[in-house]
Every structure is written in structure tokens, then in C-alpha cells.
Amino acid sequence: MKHFLLTWLGTALALLITAHIVPGFAVKGFITALVAVIVIGLVNALIRPILSILSFPITLLTFGLFTFVINALILWLASAITPGSDFKIEGFFAAFLGSIVLSIVSSFINYILRAVE
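Sequential numbering of the sequence shown, starting at 1097, is according to my numbering.
This is the structure in C-alpha cells:
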């Protein structure tokens, strides 16, 4: 349970950092980031498997690079269905760049948190 909470907090922090780096990517506060991370997790659990299966041929043809597009679509969808208007991604390019930055920052923060744990 402790690991889950630390991962949740770390990913929320990574979302806030990503919002400061990527133009068109906005998160208004830490509480909004916590809610957004839950929505991103739910969308990843429910929608991502379907998209991955449907896009397998193009993912195979692009040697896995189409996964970046799937990540961007998942993040963009999560911003569209997050309650309130405090988490916004304006356009596909912001979602694409944001998904790359978010995964790098989140990996780094979660690595640091695991080392401290």
C-alpha cells in the first residue's frame, strides 16, 4: 500500500512538472494532478488494451513507434474526461510531447522514491 501511494504521489508530481515544461499542457494544482493520475490509470487499464490490440499491425510495421501515438491518445482522452476543467491538453502535439516528458519525469521520480523507500 505504501508503494502504491508513493507511486501515485510521484506520478502526480511528474504531471505537474510536465505541465510546466510542455506548452498546451495545463494542470492547475496538486489535487487536480492527483485526480488526473487516477483518471489516467483508469483509462490505461480500460481503453489501452483495446487500442493496443486494434493497432497491433501498425505498431508492428512501425517497430513499436506507434505506441507513442497510443500514449498520446490515452493522455488526451484522460484530460477530456477528467472532472472539472483544471487538467487540459490542447491538441495532439501537446499530448504527444507531454506523454514523452511525463514518462521520463515519472520514471525518474519513481526511481528516486524507490531508492528512498
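Using N, Cα and C, we set each Cβ at its ideal position, and we do this for glycine too. None of the values given here were measured: they were computed from a predicted structure.
- request: Give the range of the alpha helix (DSSP H) segment to which V1133 is assigned.
  value: F1126 to L1142
query: Does the Cβ-Cβ distance between I1113 and V1201 come in under 8 Å?
result: yes
message: Quick test of your reading: A1108 and L1138, contact by CB under 8 Å. State the CB separation rounded to the nearest angstrom.
response: Contact flag wrong, Cβ pair sits at about 15 Å.
- prompt: Between the Cα of F1189 and the Cα atoms of A1168, N1206, L1150 and L1209, which residue gives the shortest distance?
  reply: A1168
query: What's the gap between the Cα of L1147 and the Cα of L1156?
result: 14 Å
- prompt: Do L1171 and S1195 have their C-beta atoms within less than 8 Å of each other?
  reply: yes
field: V1212 - DSSP class collapsed to helix/strand/coil
entry: helix
- request: Determine the contact status of A1141 and L1111, defining contact as a CB-CB distance below 8 Å.
  value: no
query: Between I1205 and the rest of its own chain, which residues show a CB-CB distance below 7 Å, the 5 nearest in sequence each way excluded?
result: G1106, L1109 and A1110
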